[in-house]
Amino acid sequence: MKKYTSVDDIIDLPELLDLAASFKKEPFQSEQLGKRKTIGLLFFNPSLRTRLSTQKAASNLGMEAMVMNLNSEGWLLEFEDGVVMDGTKAEHIREAAAVVSQYCDILAVRSFPTLTDKEKDMQEYVISAFVKFASVPVISLEGSSEHPLQALADALTIAQFKKTDRPKVVLTWAPHPKALPHAVPNSFVKIMKRSDVDFVIANPEGYNLDPSVTEGVEILHNQKEAFANADFIYAKNWSSFETYGQVLSTDESWTVSEKRMRLTNDAYFMHCLPVRRNMIVTDAVLDSDRSIVIEQANNRTFAAQAILSKMLQHE
Amino acid sequence: MKKYTSVDDIIDLPELLDLAASFKKEPFQSEQLGKRKTIGLLFFNPSLRTRLSTQKAASNLGMEAMVMNLNSEGWLLEFEDGVVMDGTKAEHIREAAAVVSQYCDILAVRSFPTLTDKEKDMQEYVISAFVKFASVPVISLEGSSEHPLQALADALTIAQFKKTDRPKVVLTWAPHPKALPHAVPNSFVKIMKRSDVDFVIANPEGYNLDPSVTEGVEILHNQKEAFANADFIYAKNWSSFETYGQVLSTDESWTVSEKRMRLTNDAYFMHCLPVRRNMIVTDAVLDSDRSIVIEQANNRTFAAQAILSKMLQHE
Amino acid sequence: MKKYTSVDDIIDLPELLDLAASFKKEPFQSEQLGKRKTIGLLFFNPSLRTRLSTQKAASNLGMEAMVMNLNSEGWLLEFEDGVVMDGTKAEHIREAAAVVSQYCDILAVRSFPTLTDKEKDMQEYVISAFVKFASVPVISLEGSSEHPLQALADALTIAQFKKTDRPKVVLTWAPHPKALPHAVPNSFVKIMKRSDVDFVIANPEGYNLDPSVTEGVEILHNQKEAFANADFIYAKNWSSFETYGQVLSTDESWTVSEKRMRLTNDAYFMHCLPVRRNMIVTDAVLDSDRSIVIEQANNRTFAAQAILSKMLQHE
Chain H
1 MKKYTSVDDI IDLPELLDLA ASFKKEPFQS EQLGKRKTIG LLFFNPSLRT
51 RLSTQKAASN LGMEAMVMNL NSEGWLLEFE DGVVMDGTKA EHIREAAAVV
101 SQYCDILAVR SFPTLTDKEK DMQEYVISAF VKFASVPVIS LEGSSEHPLQ
151 ALADALTIAQ FKKTDRPKVV LTWAPHPKAL PHAVPNSFVK IMKRSDVDFV
201 IANPEGYNLD PSVTEGVEIL HNQKEAFANA DFIYAKNWSS FETYGQVLST
251 DESWTVSEKR MRLTNDAYFM HCLPVRRNMI VTDAVLDSDR SIVIEQANNR
301 TFAAQAILSK MLQHE
Chain L
1 MKKYTSVDDI IDLPELLDLA ASFKKEPFQS EQLGKRKTIG LLFFNPSLRT
51 RLSTQKAASN LGMEAMVMNL NSEGWLLEFE DGVVMDGTKA EHIREAAAVV
101 SQYCDILAVR SFPTLTDKEK DMQEYVISAF VKFASVPVIS LEGSSEHPLQ
151 ALADALTIAQ FKKTDRPKVV LTWAPHPKAL PHAVPNSFVK IMKRSDVDFV
201 IANPEGYNLD PSVTEGVEIL HNQKEAFANA DFIYAKNWSS FETYGQVLST
251 DESWTVSEKR MRLTNDAYFM HCLPVRRNMI VTDAVLDSDR SIVIEQANNR
301 TFAAQAILSK MLQHE
Chain B
1 MKKYTSVDDI IDLPELLDLA ASFKKEPFQS EQLGKRKTIG LLFFNPSLRT
51 RLSTQKAASN LGMEAMVMNL NSEGWLLEFE DGVVMDGTKA EHIREAAAVV
101 SQYCDILAVR SFPTLTDKEK DMQEYVISAF VKFASVPVIS LEGSSEHPLQ
151 ALADALTIAQ FKKTDRPKVV LTWAPHPKAL PHAVPNSFVK IMKRSDVDFV
201 IANPEGYNLD PSVTEGVEIL HNQKEAFANA DFIYAKNWSS FETYGQVLST
251 DESWTVSEKR MRLTNDAYFM HCLPVRRNMI VTDAVLDSDR SIVIEQANNR
301 TFAAQAILSK MLQHE
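Protein chains in written order, with the UniProt record's numbering: chain H, 1 to 315; chain L, 1 to 315; chain B, 1 to 315.
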């Protein structure tokens, strides 16, 4: 595995999920694999789960983790080619990525979208540049258009909790006060399309995700209809894709409530966290025994560990 | 030991001090104990000694440390229940604590008081919430009302330097330009009350500490009188507890000076550091051979190591 | 080696370069040497290469690294003696250095110059204070007047790429929008003066470096002349030393271009990075096969490893 910046980089999903499940059972089974190896965790944006779970995954494999908050601890980076660097940016990504590749065996990068420059965001501007100029494998710790480690943990969680061979999974938009990225829903849609599930997306009009991502997936603009007989409700806010980066609605009728959950087949509730209580989901649902968000977060470690072990083994 | 957020959590102080002293002699005696174990060090406030000594203590026990500055690196946390999270706080402590518990075997948290909301501060608002919602042991790296790791190091220092079975120990208020918390003096008072010492507090009027903490301890408003025959002078500033969080005085006659130290029984000088020179204490006293502040800071490592080893052994 | 804060601290340069080269061949040859040892990496200023390469070097030797950004994570430090600390600085360097020395076996500190107070900068104000008050060896991760780890990596790079016994090396000033320190050129000059090279400095008038550093070195104010027959071109900007800390020129005719490089003996291009593209050097030169800046950065790890291993062995 040379890079993991998109769900598209997964070749054999069932095998990868088995590997992650195996690490969940025995986290230290490969603790010699990463000996003398170093992962650089580079953050342009804040992170709690992603950072700690990836650091823990690396540690379980015997790797050393070096964490850097690039905006506050390092130099501002230039990503454009051919410019005269006479402004505030002290270093070009070409040098930064090549140099850091020499100190690390794997690079992992978090970089959120602008939500104003659609083209740049869709090109996965920052992380693509790291992939291009690094000489070691690159992992996305959430990019502008995908969050593939999250998606792998999500699929692992569904695999572990499902009670039928082909559960019904609903990804539902839910309200949020701020404009949020499309990375999590995009990667979730991609991995669900490759899973043995009945998959439906529910979102208000104007909130359809990138059609090249959702192609072939049923999209409903009625949450109640979507929830019928669902086995898993995955809630998430995102800003508009069409009216790029805008908050068109904070309609509370889309908040996932107990009443709404009663329409489902006693569904599990999922969210990638952090979650805004009583905006995305009510306290009652989140604190109920159907909520598996904590276990879902726990699976982040083993998803990351599966990817890291693939990279360490040059598979 | 399920938590160490207060001196009250200590069951057998002499045994704990012996354990700390034993780690001071042989720091690596239990370096297998923390193998494959991770401590999360979570900071809401700056730290030098506490962070490095706890990280060193963890390392001596073979543990991995993951350090996070929550305000700058993570998400702003909501601690209130039942609120609609439509403001700046992205994550609720319920999820944050539960999730981080899955990546760490022990959580350690630093959170200073507001010094404006007495009730919240006395409830140890932030750290109590971590204790409540974490599924692993929680250590206070200084909370709003206690600094129990400091107190344990202080007691260890007195145990090592005392020349009589029952030395006289004076905690004296000293001036400082800013409003400071009560955590250090509270924990020191609590641990001295459980130690075989003659203990006296000296502070100006208006500066009495929480009476529920100082109950049974002699409080003098005259520093000279308090210093008579003292074997240990522990200087510390705190803001008023009665007129909560206010600086009522910066009276320089309370600065610990050579002249004042001459009233003692050739006493040792202690302070938790960082210390404001020529405010709290004069250069002459701090740089004299009676000052044991550096050794006191050194003991932080072994105090932390004792607590961590107890937690790792589920004692 | 008790300290490495200046190239002057090197006793036997050829032996040190051999040691670094040996670590480059076998990075893990001494991985037991730093077992149970801790290095404190203390930053007053941003760092990418220096931090990661030193952390990697420590890790290769089996050491634990504790990284602290002192301005954001710790307390503001007072460096003056005798002051009444009633301002914003909470801790004196005397205590800070002494305390941290107890948690770490080696301290490494980065502190840039003021570029306004020449005397303070030349005294290496901050790092000298750490040397004075620390009880363990101190390494400069770039001070106000020297960057000795960089210089060692530079000398290692020249040793590995040189094709003649005595190559011609040119240090050339190049334009930059901001006022930069003298640390890198100073240390480079010092190490070249001790190397078997023909060494020339090229800079515009008004940009002569500290004459006590450049004593005995030819300084040309004509870049073309200097480049003739050069085997290595080392580009670097610095602010004026005479008109201290000022930018007197951003003359683009000093930008290292392909045309200018054609005057050389097919010279290698070097720079310490981060480098401003099309200010210091054109894209064409930096992206050419004569550019060895990435390998030069790679050598930072092994230079640091050589110094650390000397300190760990008390040599």
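Cβ coordinates follow ideal geometry from the N, Cα and C atoms, glycine included. Quantities reported herein were computed from a predicted structural model and do not represent experimental measurements.
Contacts around B:Asn299, its chain only, beta-carbon distance under 6 Å, and the 5 residues preceding and following it disregarded: Closer than 6 Å at Cβ, skipping near neighbours: Ala153, Leu156, Thr157.
Residues that H:Gly74 contacts on chain A, provided the C-beta gap is smaller than 8 Å: In the structure shown, chain A does not exist; the protein chains are H, L and B.
Cross-strand partners of L:Glu205 (DSSP beta bridge): None; L:Glu205 has no bridge partner.
Interface flag, H:Val83 vs chain B, CB-CB below 9 Å: For H:Val83, the answer is yes, since a Cβ of chain B falls inside 9 Å of its Cβ.
Beta carbon of H:Leu273 nearer than 9 Å to that of H:Ala304: The Cβ atoms of H:Leu273 and H:Ala304 lie no closer than 9 Å to each other.
Assumed close pair L:Ala267, L:Asp289 - CB separation to whole angstroms, cut-off 8 Å: Taking C-beta atoms under 8 Å as the contact rule, L:Ala267 and L:Asp289 fail to qualify, at a distance of about 12 Å.
Buried or exposed by the 16-neighbour rule on C-beta atoms within 10 Å, applied to H:Ser212: Counting Cβ neighbours within 10 Å, H:Ser212 comes out exposed, since fewer than 16 surround it.
Backbone secondary structure at L:Ala303 - three-state DSSP: Taken through DSSP and simplified to helix, strand or coil, L:Ala303 comes out as helix.
Assigned secondary structure, B:Asp287 (DSSP; H/G/I helix, E/B strand, else coil): In the structure shown, B:Asp287 adopts coil according to DSSP, grouped into three states.
Minimum Cβ-Cβ distance from B:Leu312 to chain H less than 9 Å: When Cβ-Cβ separations below 9 Å define contact, B:Leu312 makes no contact with chain H.
Reference H:Val275; option with closest CA among L:Val285, L:Val100, L:Ala90, L:Glu15: That would be L:Ala90, whose Cα lies nearest to the Cα of H:Val275.
Stretch pair the region 181 to 191 of chain H + the region 208 to 222 of chain H: three plus CB contacts closer than 8 Å: Contact between the region 181 to 191 of chain H and the region 208 to 222 of chain H is present, because at least three Cβ pairs lie under 8 Å.
Residue range of the unbroken alpha helix (DSSP H) whose run includes H:Val184: Note, H:Val184: alpha helix (DSSP H), 183 to 193.
Straight-line Cα distance separating H:Phe28 from L:Leu76: Take the alpha-carbon of L:Leu76 and the one of H:Phe28: they are about 33 Å apart.
Secondary structure of B:Lys37, DSSP reduced to three states: The answer is coil: DSSP assigns B:Lys37 none of H, G, I, E or B.
Endpoints, the beta strand (DSSP E) within which L:Ser140 is located: Run containing L:Ser140: 138 to 140, per the beta strand (DSSP E) assignment.
Through-space distance from B:Lys24 to L:Glu119, alpha-carbon basis: Distance between the alpha carbons of L:Glu119 and B:Lys24 is about 59 Å.
Cβ shell of H:Arg94 (< 7 Å), same chain only, five flanking positions each side left out: Cβ neighbours of H:Arg94 beyond the five flanking positions: Phe133.
Short Cβ contact (9 Å threshold) for L:Asp9 with L:Met1: Yes; because the gap between Cβ atoms is below 9 Å, this pair is in contact.
Per-residue contacts from H:Met66 into chain B (C-beta, under 9 Å): Under the 9 Å cutoff, chain B gives Arg51, Leu52, Gln55, Lys56, Ser59, Ala65, Val67.
Start-to-end residues for the alpha helix (DSSP H) that takes in B:Ala226: Residues 223 to 227.
Proximal residues to B:Glu78 (C-beta, below 6 Å), its chain only, five neighbours per side dropped: Closer than 6 Å at the Cβ level, and outside the excluded window around B:Glu78, lie Met85, Lys89, His92.
Where L:Arg36 meets chain H, residues with beta-carbon distance less than 7 Å: The contacting residues are Phe28.
Where the region 94 to 105 of chain B meets chain L: residues whose CB sits under 9 Å from a CB there: Flagged, chain order: Arg94, Glu95, Ala96, Ala98, Val99, Val100, Ser101, Gln102, Tyr103, Cys104.
Best match in H:Asp81, H:Gly40, H:Leu70, H:Ser59 for proximity to H:Val100 [C-alpha to C-alpha]: Ranking the options by Cα distance to H:Val100, first place goes to H:Gly40.
Within chain B, partners of H:Gly40 - CB distance below 9 Å: Within 9 Å Cβ-Cβ: Leu52.
Cβ-heavy atom distance, H:Lys37 to the ligand SAM, below 8 Å: In terms of ligand content, the structure shown is empty, and the ligand SAM therefore cannot be addressed.
Whole-angstrom distance between L:Glu218 and L:Leu248, CA atom to CA atom: Cα to Cα, L:Leu248 sits roughly 21 Å from L:Glu218.
Min CB distance B:Arg276 to chain H below 9 Å: True, the Cβ-Cβ gap to chain H drops below 9 Å.
B:Phe199, DSSP secondary structure in three states: Looking at B:Phe199 - three-state DSSP - the assignment turns out to be strand.
Three or more C-beta pairs below 8 Å linking the region 226 to 244 of chain L and the region 171 to 183 of chain L: Contact between the region 226 to 244 of chain L and the region 171 to 183 of chain L is present, because at least three Cβ pairs lie under 8 Å.
Test: B:Thr172 CB closer than 9 Å to a CB of chain H: No, B:Thr172 does not count as interfacial toward chain H.
Beta-carbon separation (whole angstroms), H:Thr250 vs H:Phe227, contact threshold 8 Å: The pair is not a contact, with the Cβ atoms about 20 Å apart (cut-off 8 Å).
Proximal residues of chain L, C-beta to C-beta of B:His92 below 7 Å: Residues of chain L passing the Cβ test: Arg277.
The region 287 to 305 of chain B: positions lying closer than 9 Å to chain H by Cβ: In summary, the residues of the region 287 to 305 of chain B whose CB is separated from some CB of chain H by less than 9 Å are Asp287, Val293, Ile294, Glu295, Ala297, Asn298, Arg300, Thr301, in the order they occur in the chain.
C-alpha distance - L:Asp12 paired with L:Glu315, whole-angstrom precision: If you take the alpha carbons of L:Asp12 and L:Glu315, they lie about 11 Å apart.
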